[in-house]
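The numbers in the sequence shown follow numbering that gives the first Met the number 0, run straight up by one, and end at 236.
Ideal Cβ positions, reconstructed from N, Cα and C, are used throughout, including at glycine.
Only one structure is covered here, and it is reproduced in the block below.
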Amino acid sequence: MPQVAISARGLTRRYRSGAREFAVFADLDLDVERGSAVAIVGESGAGKSTLLHLLGGLDRPTAGRVVYGDTDIFALSDEALADFRNRRLGFIWQQNSLLPEFTAAENVAMPLLIAGVARKEALGRAEDRLKEVGLGDRGHHRAGEMSGGEQQRAALARALVNDPEVLLADEPTGNLDHKTAEGVVELLEGLRRARSLTSVIVTHSREFAARCPHVIRLEKGSVLAADSRAHEKFEAH
0 MPQVAISARG LTRRYRSGAR EFAVFADLDL DVERGSAVAI VGESGAGKST LLHLLGGLDR
60 PTAGRVVYGD TDIFALSDEA LADFRNRRLG FIWQQNSLLP EFTAAENVAM PLLIAGVARK
120 EALGRAEDRL KEVGLGDRGH HRAGEMSGGE QQRAALARAL VNDPEVLLAD EPTGNLDHKT
180 AEGVVELLEG LRRARSLTSV IVTHSREFAA RCPHVIRLEK GSVLAADSRA HEKFEAH
């Protein structure tokens, strides 16, 4: 029987705009199986990025729980939650947020350096991750000297440098041309299989979503579909 890596129950997120309050989600339930690849799809404004931020503990819900194994992440203090994110989760975004004045290896090592890992060890692990994403010869190049595809691969290496259990990605190919995006998608899938990673990926790309075994379609903050048959719904939309 598949194990559940992430479980969300009663997830609710409301925001205030002046005197008005509106809900992005209300009582959303969701399970993500360990080792699976899940695409989150839906129209703009459906709540995809908000859901990813909540699953990653980057935002706190108005109500509800997100549980990893036996850890209710919103029962943690802010400091403990930050430590949990750094140790167990990897993040990759549409904007890679690499620091152009630092080398690729220094950018990849940044989470380790922030966590207090010695510089020599952190850079060694960063070089290993760069090799893993096909950038073994680019570690000493500054991020600003790299192509868009290379920068996104370096961002992926940074997301993996702490050997996370879960990778959360928000439009990771959104700024790339089709050919480069295809290479990044293949790399993500290969790394997920090799590392037995659980991956949750927000995407507008039909092709990207179709390659994930599971698709979650959001519509107005509700889960419209949450299984492999959602491919058909997504393609037909």
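Proximal residues to residue i (C-beta, below 6 Å), its chain only, five neighbours per side dropped
i: Q151; result: N95, V183
i: R13; result: E20, A22, T61
i: A156; result: V107, R128, L129, V132
i: L122; result: A104, A108
i: H236; result: With a pLDDT of 37 at H236, under the threshold of 50, the modelled position of that residue is not reliable, and the figure given next carries that caveat. Taken in chain order, the list of residues that qualify is empty.
i: E126; result: A104, G138
i: H52; result: D58
i: Q2; result: R33
Check whether residue i and residue j have beta carbons under 8 Å apart
i: I215; j: I5; result: no
i: T202; j: A209; result: no
i: L159; j: R191; result: no
i: R124; j: L134; result: no
i: E164; j: R87; result: yes
i: N174; j: G147; result: yes
i: H262; j: V37; result: Residue coverage of the chain in this structure runs from 0 to 236, which leaves residue 262 outside it and unanswerable.
i: R64; j: G9; result: yes
i: T197; j: V66; result: no
i: T102; j: G138; result: yes
i: A7; j: L54; result: yes
i: A154; j: L97; result: yes
i: S195; j: G34; result: yes
i: T11; j: D26; result: yes
Residue i: CB within 7 Å of a non-hydrogen atom of the ligand SAH
i: L159; result: For the ligand SAH, the structure offers nothing, since it holds no ligand at all.
8 Å contact criterion, which residue i and residue j should meet: CB distance rounded
i: L167; j: F90; result: 5 Å
i: E206; j: R141; result: E206 to R141, Cβ: 32 Å. No contact.
i: F83; j: G115; result: Contact flag wrong, Cβ pair sits at about 16 Å.
Boundaries of the beta strand (DSSP E) in which residue i is found, first to last residue
i: H139; result: Where H139 is concerned, there is no enclosing beta strand (DSSP E), given that its DSSP letter is neither H nor E.
i: E20; result: 19-32
i: L10; result: 3-16
i: A237; result: Nothing can be reported for residue 237: it is not among the residues displayed for the chain, which extend from 0 to 236.
i: T197; result: 197-201
i: A62; result: 62-67
i: A38; result: 36-40
Other residues of its chain near residue i: CB distance less than 8 Å, five sequence neighbours each side excluded
i: L217; result: I39, V40, G41, A45, G46, K47, L50, L223
i: G17; result: none
i: E78; result: none
i: I113; result: N85
The alpha helix (DSSP H) enclosing residue i, as first and last residue numbers
i: D82; result: 77-87
i: D169; result: Not the alpha helix (DSSP H): D169 falls in the beta strand (DSSP E), residues 165-169.
i: E120; result: 118-131
i: V184; result: 177-194
i: E218; result: Looking at the DSSP string, E218 is not in any alpha helix (DSSP H); the run it does join, the beta strand (DSSP E), is 213-218.
i: Q150; result: 147-159
i: L54; result: 47-54
i: A209; result: 205-209
Interface flag, residue i vs chain B, CB-CB below 8 Å
i: R124; result: Included in the structure is just one protein chain, with no chain B present.
Close beta carbons around residue i, own chain, < 7 Å, minus the five adjacent residues each side
i: A180; result: T172
### Task
Take every Cβ of the region 102-109, pair it with every Cβ of the region 65-79, and state whether three or more of those distances are shorter than 8 Å.
no
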